[in-house]
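Asks:
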Amino acid sequence: MSDRVMSYDDFWQKYLRDHGRSGTRALHFLGTTLAVVCLAAAAITFRPGLVVLALVLGYGFAWFGHFVIEKNKPTMFGHPFWSFASDFRMTWLWYTGRLGEELARAGVSNDELREREEQV
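If you want it as structure tokens, here you go:
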């Protein structure tokens, strides 16, 4: 699939494949959750520094996962809005226990199987 995706559904499938390793997804969930907590705290306490912290945490954990675990480039560089929305969608699906269905639909297998296939 080319870098320029024609529809959001195509992008979503690619997004999930680009987050194929559970460690990458876990760092996304952690970063997104911490970012939301920081944004809520910023709104309650009127401390704008927490907004900056939210950005650092949200993107920091995600990018670490991509560069170190997944060894790929974050999708936000090609589609920033869709990537931002998809991060929240993926996190919500994880919290509600429905992410596995979407991963299967995108053809994402479990990490152990992928690692064995890479060694062959």
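Okay, so the sequence shown: first residue is 14 according to the working numbering, each after it adds one.
From the three backbone atoms N, C-alpha and C, an ideal C-beta is built for every residue, glycine too.
1) Please confirm whether residue 76 and residue 87 have their CB atoms less than 8 Å apart.
2) What residue does the alpha helix (DSSP H) around residue 103 start on, and which one ends it?
3) Skipping 5 residues on each side, what residues in its chain have a beta carbon closer than 7 Å to that of residue 37?
4) Within 10 Å of its beta-carbon, does residue 65 have 16 or more other beta-carbons around it, so buried, or fewer, so exposed?
5) Under a Cβ-count criterion, where at least 16 other Cβ atoms within 10 Å of its own Cβ denotes burial, should residue 42 be classed as buried or exposed?
Replies: Taking the coordinates as given:
1) yes
2) 93-108
3) 78, 79, 82 and 83
4) exposed
5) buried
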